[in-house]
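In what follows, a single structure is set out as structure tokens and then discussed.
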Amino acid sequence: AAPLSAKKSGYTVSEKPTPHDDVTAYNNFYEFGTSKSDPMSYSGDFKPRPWAIKVDGMVANPRTFDIDQIMQEYPAEERVYRMRCVEGWSMVIPWQGFPLSALLDKVEPLGSAKYVIFETVVRPEQMPGQNGLFQPLPWPYIEGLRLDEARNPLTILAVGLYGETLPNQNGAPIRLVVPWKYGFKGCKSIVRISLTDTQPKNTWNIVAPSEYGFFANVNPEVDHPRWSQATERRIGTGGFFSSDRRPTLMFNGYAEDVASLYAGMDLRKNF
Amino acid sequence: MAVMFTGTRHWKGASVWLLYIIGLTPGVWYFYLGATDSLGANPVKAFEQLLGLWTVRFLILTLAVSPARELFGLNFIRYRRALGLLCFYYALVHLSVYVVFDQPPILSVILADILKRPFIMLGMAAFLLLVPLAATSNAFSIRRLGKNWLRLHRLIYAATVCGGIHFALSTKVLSGEQYFYLALIVLMLGYRLLRPILKRRRRASNSAQRYQSRTNSALGN
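In the order they appear, the protein sequences are chains U and H.
Residue numbering for the first sequence follows our numbering, starting at 1 and increasing by one per position.
Residue numbering for the second sequence follows our numbering, starting at 1 and increasing by one per position.
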């Protein structure tokens with residue numbers, strides 16, 4: 001990871017950031033394996049450069065971006081966000097990135113576009129989880145957002161964390177961060193962003209529709225069928241006796257910014 | 001290995017204690033790592049999962065004692081009680097960690113979690129089924145219960161089914177490691193289902209052989 005300068009932004013939570021070594025060692029990135037330590041252990045051969053991102057679909061101006069060009073065109077700002085995993089743990093991560101809306105403006109979505117699809121790279125030769133007998137998910141990994149969610153100022157494309165370009169295990173070279181949704185919405189190592197008029201099927205929703213919805217908004221009142229979402233464990237707070245379990249906040253504490261997006265919707269049905 | 005079976009009586013008793021010591025070592029070691037914050041970023045979860053995994057391992061070893069003897073003539077029956085109890089101890093600590101460290105320290109929250117979630121209920125059921133087995137794993141109970149002891153200890157199969165499903169539901173998707181242990185569990189339970197058929201067939205072929213040799217000798221071959 002190379003150093004990355006970023007200007008401060010107003011989007012900074014006051015909680016203490018999770019230690020760098022935990023943010024980069026405790027990951028879900030099934031392309032490298034299903035264990036939390038697999039992404040760090042097995043992403044050494046992954047090549048995040050050169051990298052191209054295709055932006056297409058219902059846009060007036062489809063484009064293929066080069067990662068270095070993107071980083072020049074959209075200077076990074078620092079966003080310190082809470083990150084809540086659907087599994088019941090959470091972190092506070094200093095990301096460097098830029099609003100997704102800036103990139104969407106560039107390609108000019110058509111009036112008919114309602115959703116944005118994100119797609120992770122498929123490289124079995126560099127991603128051991130995409131190889132062999134037990135492949136946990138169908139590839140490529142797909143995620144989606146409603147266009148208004150994608151345009152929300154909180155939604156960013158991150159290119160770095162802790163002042164350095166993204167480590168491979170965190171989704172190098174570019175990933176989605178949507179802080180009021182469960183972590184699995186944050187599509188990593190993105191190669192394609194596509195606009196469409198129909199709600200896409202996201203990977204976890206395909207695999208287990210009763211457990212993972214399209215919206216996946218952090219919601220302490222809507223439990224996962226197999227575990228409660230009322231509380232979460234903050235990662236990196238020490239051993240057994242200093243473990244920090246705290247109440248989960250509605251929309252992960254970002255209700256003020258995003259609750260209006262879901263006005264009138266039944267969040268139990270649209271989980 | 002051969003030495004183990006031809007050793008003195010003294011050694012045989014000591015080897016059981018050795019098994020307890022070896023068997024409990026991973027749990028003690030992981031506890032030490034977790035208490036000193038050396039068990040990764042999420043030590044409680046890691047400890048809980050490792051204890052669960054060792055419960056599964058000792059459960060499978062306990063269930064493997066009979067087939068090992070009946071199919072391969074390997075007699076580990078002397079170690080079965082220790083293996084079963086190790087399985088129970090790991091289950092007990094696994095459950096304790098869930099209650100003490102993994103949940104908010106509010107009993108009503110824990111109870112709600114148990115009652116609402118089949119995943120937790122199955123784990124709890126597996127543990128409760130192991131309790132009477134552990135409680136009657138002494139010579140006194142075996143004498144006292146007689147034939148009923150064997151009947152009671154068939155609960156291990158119910159515990160295995162509940163525990164196996166609980167284990168399979170514990171992650172978002174099954175990993176290769178989980179497939180491996182689940183396959184072994186299915187194998188152990190499958191053997192019990194097939195055992196009556198295998199026995200009948202063996203008896204049939206034995207008597208056929210006896211008949212054959214008798215006819216042969218009668219014919220003067």
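Virtual Cβ for every residue (Gly too), placed ideally from N, Cα, C.
The structure displayed is predicted, hence computed values, not measured ones.
When U:L157, U:Y26 and U:L103 are compared against D38 of chain U, the one with the closest alpha-carbon: By 1-based counting over the first sequence, the position of residue 38 of chain U is 38. That would be U:Y26, whose Cα lies nearest to the Cα of D38 of chain U.
Under 9 Å (Cβ pairs) to chain H, residues found in the segment 33 to 45 of chain U: Sequence-ordered contacts of the segment 33 to 45 of chain U with chain H read G33, T34, S35, K36 and S37 [C-beta pairs closer than 9 Å].
Nearest-angstrom Cα separation, counted from W11 of chain H out to M4 of chain H: Within the second sequence, residue 4 of chain H is the residue found at index 4, counting from 1. Within the second sequence, residue 11 of chain H is the residue found at index 11, counting from 1. Unreliable positioning characterises M4 of chain H in this predicted model, as indicated by a pLDDT of 49, which lies under 50. A coordinate reading is not provided.
Pair within 8 Å by beta-carbon distance, A216 of chain U and Y182 of chain U: In the first sequence, the residue the question calls residue 216 of chain U occupies position 216. In the first sequence, the residue the question calls residue 182 of chain U occupies position 182. In contact: A216 of chain U and Y182 of chain U (Cβ atoms closer than 8 Å).
Cβ-based neighbour list, V80 of chain U, same chain, cut-off 8 Å, excluding 5 preceding and 5 following: To locate residue 80 of chain U, count along the first sequence from 1; it is residue 80. Y11, T12, V13, P17, V92, I93, P94 and W95.
Element boundaries [beta strand (DSSP E), containing G10 of chain U]: By 1-based counting over the first sequence, the position of residue 10 of chain U is 10. Membership of G10 of chain U in the beta strand (DSSP E) is indicated by the continuous run K7 to T12.
Neighbourhood of W308 of chain U by C-beta distance below 7 Å, restricted to the same chain and skipping five residues each side: Since the displayed chain U opens at 1 and closes at 271, residue 308 of chain U lies outside it and no answer follows.
First and last residue of the uninterrupted alpha helix (DSSP H) at Y30 of chain H: For the purposes of this step, residue 30 of chain H is taken as the residue at position 30 of the second sequence. Here the alpha helix (DSSP H) through Y30 of chain H covers R9 to A35.
Distance cut-off 7 Å: P209 of chain U Cβ against heavy atoms of the ligand NAD: This structure simply doesn't include the ligand NAD, nor any ligand for that matter.
T196 of chain U: first and last residue of the uninterrupted beta strand (DSSP E) it sits in: Taking the first sequence and counting its residues from 1, the one referred to as residue 196 of chain U is at position 196. Boundaries of the beta strand (DSSP E) around T196 of chain U: I190 to T196.
Partners in chain U for S175 of chain H, counting only beta-carbon separations shorter than 8 Å: Within the second sequence, the letter at position 175 stands for residue 175 of chain H. Correct list: T34, S35, F134 and P136.
Residues from the segment 42 to 71 of chain H in contact with chain U, defined by Cβ distance under 9 Å: Taking 9 Å as the Cβ-Cβ cut-off against chain U, the residues of the segment 42 to 71 of chain H that qualify are N42, P43, V44, K45, A46 and F47.
CB contact below 8 Å: Y179 of chain H versus chain U: Along the second sequence, one-based indexing puts residue 179 of chain H at 179. Yes - at least one Cβ of chain U is within 8 Å of the one on Y179 of chain H.
For R175 of chain U: DSSP bridge partner residues: One-based indexing of the first sequence puts residue 175 of chain U at position 175. Answer is U:A158, bridged to R175 of chain U.
Selection from H:F76, H:A91, H:A158 and H:L63 that minimises the alpha carbon distance to G13 of chain H: Position 13 of the second sequence, counted from the first residue, corresponds to residue 13 of chain H. Closest option to G13 of chain H, Cα to Cα, is H:F76.
Members of the segment 202 to 223 of chain U that neighbour chain H once the beta carbon cut-off is set at 9 Å: Those would be W204, V207, A208, E211, Y212 and D223, in chain order.
Cross-chain neighbours of R245 of chain U in chain H, by beta carbon under 7 Å: Stepping through the first sequence from its first residue, residue 245 of chain U is reached at position 245. At a beta-carbon threshold of 7 Å, the residues of chain H lying near R245 of chain U are P104, ordered along the chain.
Neighbour-count burial assignment, E143 of chain U, 16 or more Cβ in a 10 Å radius: Start at 1 with the first residue of the first sequence, and residue 143 of chain U comes out as number 143. Counting of Cβ neighbours within 10 angstroms places E143 of chain U among the buried residues, the total reaching 16 or more.
Where G253 of chain U falls: helix, strand or coil (DSSP): To locate residue 253 of chain U, count along the first sequence from 1; it is residue 253. Three-state DSSP puts G253 of chain U in a helix.
Interface residues of chain H facing G160 of chain U [CB-CB closer than 8 Å]: Start at 1 with the first residue of the first sequence, and residue 160 of chain U comes out as number 160. Those within 8 Å of G160 of chain U in chain H number zero; the least Cβ separation is about 20 Å.
Selected residue, minimal CA-CA separation from M83 of chain U, among U:F184, U:A259, U:G239 and U:Y262: Here residue 83 of chain U refers to the residue found at position 83 of the first sequence. Measuring from the Cα of M83 of chain U, the nearest candidate turns out to be U:F184.
Cross-strand partners of Q96 of chain U (DSSP beta bridge): Residue mapping note: residue 96 of chain U aligns to position 96 of the first sequence, counting from 1. Answer is U:E78 and U:G160.
Proximity winner among U:N131, U:F46, U:Y212 and U:N168, relative to N202 of chain U (alpha-carbon distances): The sequence position of residue 202 of chain U within the first sequence is 202, counting from 1. Considering only alpha carbons, the answer is U:Y212.
Extent of the continuous beta strand (DSSP E) to which F65 of chain U belongs: Numbered from 1 along the first sequence, position 65 holds the residue referred to as residue 65 of chain U. Under the DSSP assignment, F65 of chain U falls in the beta strand (DSSP E) whose first and last residues are R63 to D66.
Collapsed DSSP secondary structure at K269 of chain U in the structure displayed: Along the first sequence, read from residue 1 onward, the residue named residue 269 of chain U stands at position 269. Coil, per DSSP.
Runs of alpha helix (DSSP H) lying entirely within the segment 93 to 128 of chain H, each at least 4 residues, in chain order: Every alpha helix (DSSP H) of 4 residues or more that sits fully in the segment 93 to 128 of chain H is shown, in chain order, as 107 to 116.
Inter-residue spacing [alpha-carbon to alpha-carbon] between M1 of chain H and L74 of chain H: Taking the second sequence and counting its residues from 1, the one referred to as residue 1 of chain H is at position 1. Taking the second sequence and counting its residues from 1, the one referred to as residue 74 of chain H is at position 74. Unreliable placement is indicated for M1 of chain H, whose pLDDT of 43 sits below 50; the coordinate value is still reported in the next sentence. Whole-angstrom Cα-Cα distance: 11 Å.
Reference E70 of chain H; option with closest CA among H:Y191, H:R210 and H:T25: As a first step, residue 70 of chain H is located in the second sequence; it is residue number 70 there, counting from the start. E70 of chain H has its Cα closest to that of H:Y191, out of H:Y191, H:R210 and H:T25.
Short Cβ contact (8 Å threshold) for I190 of chain U with T120 of chain U: Working through the first sequence from its first residue, we reach residue 190 of chain U at position 190. Working through the first sequence from its first residue, we reach residue 120 of chain U at position 120. Contact: yes.
Per-residue burial, N252 of chain U [other beta carbons within 10 Å of its own, 16 or more giving buried]: Within the first sequence, residue 252 of chain U is the residue found at index 252, counting from 1. Under this definition N252 of chain U is a buried residue.
Where the beta strand (DSSP E) through L145 of chain U begins and ends: Within the first sequence, residue 145 of chain U is the residue found at index 145, counting from 1. That run of the beta strand (DSSP E) goes I142 to R146.
Residue-level contact to chain H via CB, S101 of chain U, 8 Å cutoff: Here residue 101 of chain U refers to the residue found at position 101 of the first sequence. Proximity of S101 of chain U to chain H, defined by a Cβ-Cβ separation below 8 Å, is not satisfied.
Cβ of W139 of chain U within 8 Å of any chain H Cβ: Against the first sequence, residue 139 of chain U aligns to sequence position 139. False, the Cβ-Cβ gap to chain H never drops below 8 Å.
Collapsed DSSP secondary structure at A2 of chain H in the structure displayed: Within the second sequence, the letter at position 2 stands for residue 2 of chain H. Note that A2 of chain H scores 43 on pLDDT, short of 50, meaning its location in the model is unreliable and no value can be drawn from it.
DSSP state of T237 of chain U mapped onto helix, strand, coil: Here residue 237 of chain U refers to the residue found at position 237 of the first sequence. T237 of chain U: coil per DSSP, three-state reduction.
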